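Before any comments, here is the structure.
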Amino acid sequence: EFIVVVNQTDEQSLFTLANRIHKQISELEIVHEKSETSDQLTISIGLALTTAHADNNYHMLLEYADKALYFAKSNGRNTSELAHLPTPSY
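Taking my numbering, the leading residue of the sequence shown gets 937, the next gets one more, and so forth.
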């Protein structure tokens, strides 16, 4: 598993980045002989989004991204899913 941290972005930009990553991995055409899902290497991406003022820490951000990743894997693989961290109520 890998992590990419993007500062000062929004949901649309995250999905744009994820789609670029999917496309670039696909263009590599890496053979994945032992996969039951695809003949080529694919990736599932878990995205997590929070605000700069949210009362969330990086552990929570990673936890939500990980949950989104496993949701993407269970949702057919080779896809991206987004988790929104809870917004604190002040």
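Ideal Cβ placement from N, Cα and C applies to all residues, glycine included. None of the values given here were measured: they were computed from a predicted structure.
Uninterrupted alpha helix (DSSP H) stretches inside the segment 941-981 (no shorter than 4 residues):
Within the segment 941-981, the complete alpha helix (DSSP H) segments at least 4 residues long are 947-964, listed from N- to C-terminus.
Let me know the secondary structure DSSP gives residue 999 once reduced to three states.
As a first step, residue 999 must be located in the sequence shown, where it is residue number 63. Helix, per DSSP.
My understanding is that residue 1019 touches residue 1008, with C-beta atoms under 8 Å, so please give their C-beta distance in whole angstroms.
By one-based count along the sequence shown, residue 1019 stands at place 83. By one-based count along the sequence shown, residue 1008 stands at place 72. Wrong, their Cβ atoms sit about 10 Å apart, outside the cutoff.
Measure how close the beta-carbons of residue 958 and residue 979 come, nearest whole angstrom, since I'm counting them as under 8 Å.
If you number the sequence shown from 1, residue 958 lands on position 22. If you number the sequence shown from 1, residue 979 lands on position 43. That belief holds up - the Cβ atoms of residue 958 and residue 979 are roughly 7 Å apart, short of 8 Å.
Beta-carbon separation of residue 983 and residue 954 under 8 Å?
For this step, residue 983 is matched to residue 47 along the sequence shown. For this step, residue 954 is matched to residue 18 along the sequence shown. Yes, the Cβ-Cβ distance between residue 983 and residue 954 is below 8 Å.
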